[in-house]
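Report on the structure given below.
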Amino acid sequence: MHPRLLKTFLAVARSRNITRAAEAVHLAQSSVSDQIQSLEAELGAALFTRSKVGLELTPAGQALKPYAEEMLMLADEARAAVHATTGHTSGALAIGALETIASARLAPWLPGFQAGHPGVTVRMKVADSGTLLRQLEDGDIDVAFCFGRRDVTNGASDERLARRTIAAEPLVLVASAGQGTAPCDLAALAARPFVATEPGCIYRHLFDTAFAEAGVEAPRLAAEVGSIGAIARLVAAGAGLGLVPRLAVSDALARGELIEMPWPGPMQTAPLTMIWRRRRVQPPALRQLLAAAGDTLAPATSRGETGSGLESADHSKALFPNNS
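Letter 281 of the sequence shown, counting from 1, is numbered 281 in UniProt numbering, and no numbers are missing.
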């Protein structure tokens, strides 16, 4: 089974649609159909069947899927092992990030990384945290930068993924310039209207957790919106208060559109986390990027994949204690 056919098979399995799969693997629809037919002829079994919601895997397709994923991963690891023997760091990397992290942290940092690693080509994708994890699991990106959930960081995580918290980004209480003073305790603060993102978003999780950990019922929401940018605009217009990572509103604070109020309780932070797939051998280019990001992207007390501190000065070894 040629890896090209397996890659196309997995693209169809994930998208359940020939057109979307063709876009994902950069082929014509007819080529995707031909490759699936070739694979089915080689295996002597139909891999897909049509349903009302799209293409569905047959029992044979379901049996093939985990083997296809493993075979492609082994091919990547073999390629990485060979490249590691040459001593040269080169290759193409796809990184994914939340929009606020991409603009505030990665955009200023990436040019310096690429200048120091001219053989490495980096392209960046911006998406929400759920999409980033799916892209990581599907192999569409090599590493994701997002804010972590504490329950995941502390061990309730996918064993296929490795995580490292590289910074503790402060959460700030923001208001419009004419908002006045903040209440002196959390109970009084919770009586004020807030603007937050929608349920399921990592920013909403951070907002809800900040009040839940203090034993205070979450505030009434004046609005639920889809982005931090919308929160900043609504708060600046006086719709309510906001509790967001400082990096997401630093420009608005600098322009005077928002003001930062004191948080009447223990300081809240958002863990800025790198997530990547575990492999027996990591591509040298990815090893270099992870090590550089861990060193320079606002380093803080960090956790490795097992939750232990990274005390070693050799961050490459700390990130990959067992080539994972």
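The C-beta atom is built at its ideal place from N, Cα and C for all residues, glycine as well.
Bridge partners - residue i, DSSP secondary structure assignment
i      : result
Lys52  : Its beta-bridge partners do not exist; DSSP assigns none.
Ser176 : Leu258
Ile95  : Met124 and Val143
Ala196 : Glu224
Leu186 : For Leu186, which the question treats as bridged, DSSP gives no partner whatsoever.
Alpha-carbon to alpha-carbon, residue j and residue i
i      : j      : result
Glu46  : Leu136 : Going by the sequence as given, residue 46 is Ala instead of Glu. Approximately 28 Å between the Cα atoms of the pair.
Leu272 : Ala214 : 22 Å
Glu69  : Thr19  : 21 Å
Phe211 : Cys184 : 15 Å
Phe194 : Pro266 : 19 Å
Leu243 : Cys201 : 14 Å
Ala162 : Ala81  : 19 Å
Phe9   : Trp109 : 36 Å
Thr209 : Ile231 : 18 Å
Ala222 : Ala28  : 48 Å
Ile36  : Ala115 : 41 Å
Arg277 : Ala177 : 44 Å
Whether residue i touches residue j by CB criterion (8 Å)
i      : j      : result
Pro170 : Thr49  : no
Ala5   : Leu39  : The sequence shown places Leu at residue 5, not Ala. Yes, these two residues count as a Cβ contact at 8 Å.
Ile259 : Val174 : yes
Ala97  : Arg123 : no
Ile228 : Ala248 : yes
Ala167 : Leu297 : yes
Gln288 : Val120 : yes
Pro264 : Leu186 : yes
Ala13  : Leu74  : no
Pro262 : Phe147 : no
Three-state secondary structure assigned by DSSP to residue i
i      : result
Glu159 : coil
Ser227 : coil
Gly164 : Just to set this straight, residue 164 is Arg in the shown sequence, not Gly. DSSP places Arg164 in strand when its eight states are reduced to three.
Gly119 : coil
Gly242 : strand
Glu217 : coil
Leu272 : strand
Glu70  : helix
Val281 : coil
Asn154 : Reliability of the predicted coordinates at Asn154 is poor, the pLDDT of 41 falling under 50, and no value is obtained from them.
Pro108 : helix
Leu297 : coil
Leu47  : coil
Pro170 : strand
Leu64  : helix
Leu27  : coil
Residue i: CB within 7 Å of a non-hydrogen atom of the ligand NAD
i      : result
Gly294 : The model on display carries no ligand, and the ligand NAD is accordingly not part of it.
Other residues of its chain near residue i: CB distance less than 6 Å, five sequence neighbours each side excluded
i      : result
Ala24  : Ala11
Thr181 : none
Phe113 : Ala292
Ala285 : Thr89, Gly91, Leu93 and Val120
Beta-carbon contacts of residue i that lie in its chain and below 7 Å, excluding the five residues immediately before and after
i     : result
Asn17 : Gly54 and Leu55
CB contact below 8 Å: residue i versus chain B
i      : result
Phe113 : This model lacks chain B altogether; it includes just one protein chain.
Own chain partners of residue i with C-beta closer than 8 Å, once the 5 adjacent residues on each side are dropped
i      : result
Ala218 : Ala190, Phe207, Asp208, Phe211 and Ala212
Ala197 : Note on identity: in this sequence residue 197 is Thr, with Ala being the wrong assignment. Once the five neighbours on either side are set aside, the close Cβ partners of Thr197 are Tyr203, Arg204, Phe207, Glu224, Val225, Gly226, Ser227, Ile228 and Ile231.
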